Amino acid sequence: MNEESSLLTLKRRIAAIERRVESVQAVQVATGHADIDAALGGGIARGRLHEIFALESGDGGSATGFAGMVSIRLGGGIVWLREEAAVRAGGHLHAPGLVEIGVDPARLLIVLLPGPLELLRAAADVVRCGGVGVAVVELHRDPRVLDLTASRRLALAAEESGVTTLLLRIAATPVASAADTRWAVRSCASQPLAANAPGHPTLDLELLRQRGRGAEGRWQVEWNRDQTLFTAPQTPSGAVVAVPAHRPVAAPIARRRTG
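Residue 1346 is where the sequence shown starts when you use the numbering used here, and the numbers rise one by one after that.
Below, the structure written as C-alpha cells:
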C-alpha cells in the first residue's frame, strides 16, 4: 500500500470514528476540581488524546508534574516516552519528585528514543496496547514530524484501544491537532501548611481548547497526593514554589533505550 492509499484509509477511519453514536463516548474521569470538571463536561476523557503545553521552557517542570498527576488520576500503568536529546539537555525524570506526587515506580516504564520520528513511531505502537493505562508522549520544541496527520494517528489509536494519551509539549507552539483537550501549564507558588511546612503542589492551568465544547478557562489548582485529586487553593498563594523551574519534576526509575 502506497503512502497516498494509507492516508486515504486513515482519513476514512477517522471519519468513521467521528460518526460514532453517543453510546461509545469516552468515560469522563473527574479531576476533583468542580469548575474544571464542569468545563470539561464531567472530567478528563479516558481513551483520548490530550495536549499539555509548557509554553516556556521554565514551566517544563510544572507541565511534567501535571502529566504525572493526570496519569495518577486516570489509573493503570504509565509508559513515558522521551527523546534522548531531552535527557542530555535537562536530565532524567526526577524519581523522588514523581514519587512525591504519588507515582508508583512499579507502574512506570520510561522509554528513551533517538529522536522525534522514532518516538512517534513507538508511541503509535504503545497507544495500541490496550493493557496500558496512560501513554505520555514527551516532545520538545516543534519537530516537523509532529503534524496534524501524526496527531490524528495517535488520537485514532487512543480511541480504538482506550489508552489515554498525553502529548507533553515542552517549549512548543500550539498548532492544529486532533487532541480532545489542550492545556497550558505554568509554575505557581503554593501556600505553606501549618508550622510553615511545604504546601501542596500548586499549578496554574489554562484550558486552551476542547473538541466539541466551547468551554475554556484558567484556574489555580492544588494537587492532593493523599486523595489523588485536584482542588482549589483554600487561601491565596504564599511564597513557596511548588515546582521550581530549575528542578525537573521527574532520575531514572525504569528506563528502556530503543533504536
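By construction, the Cβ of each residue, glycine as well, lies at the ideal position given by its N, Cα and C atoms. Small disclaimer: the values here were computed from a predicted structure and weren't measured.
Bounding residues of the beta strand (DSSP E) (the contiguous stretch that carries residue i)
i: Ser1532; result: 1526 to 1532
i: Arg1514; result: 1509 to 1515
i: Glu1334; result: What the structure shows of the chain is the stretch from 1346 to 1604, and residue 1334 is not part of that stretch, so it cannot be assessed.
Spatial distance of residue i from residue j (CA atoms)
i: Asp1492; j: Gly1386; result: 28 Å
i: Arg1554; j: Asp1404; result: 19 Å
i: Val1481; j: Glu1561; result: 23 Å
i: Gly1544; j: Pro1537; result: 4 Å
i: Ser1496; j: Ala1534; result: 33 Å
i: Ala1390; j: Val1372; result: 6 Å
i: Gly1421; j: Arg1556; result: 25 Å
i: Leu1353; j: Arg1498; result: 12 Å
i: Val1448; j: Val1424; result: 12 Å
i: Val1471; j: Thr1376; result: 25 Å
i: Leu1552; j: Asp1525; result: 11 Å
i: Gly1583; j: Ala1412; result: Its pLDDT being 44, under 50, Gly1583 is placed unreliably in this model, and the value from its coordinates should be taken loosely. Whole-angstrom Cα-Cα distance: 24 Å.
i: Leu1400; j: Ala1529; result: 7 Å
i: Trp1564; j: Asp1549; result: 6 Å
i: Leu1438; j: Phe1398; result: 17 Å
Residue i versus the options, residue with shortest Cα-Cα distance
i: Arg1473; options: Val1508, Ile1446, Glu1445; result: Val1508
i: Gly1476; options: Val1490, Leu1457, Arg1452; result: Arg1452
i: Arg1570; options: Ala1379, Pro1519, Arg1393, Ser1416; result: Ser1416
i: Ser1532; options: Ser1402, Glu1505, Thr1518; result: Ser1402
i: Ala1468; options: Ile1446, Leu1443, Val1444, Ala1502; result: Ala1502
Range of the contiguous alpha helix (DSSP H) that encloses residue i
i: Leu1493; result: 1493 to 1506
i: Ala1384; result: 1379 to 1385
task: Report yes or no: do the region 1512 to 1520 and the region 1406 to 1416 share at least 3 C-beta pairs separated by less than 8 Å?
output: yes
- prompt: Counting pairs of Cβ atoms below 8 Å between the region 1422 to 1434 and the region 1470 to 1487, do you hit three or more?
  reply: yes
Every unbroken beta strand (DSSP E) within the region 1369 to 1434, with a cutoff of 3 residues, ordered by chain: 1394 to 1399, 1423 to 1428
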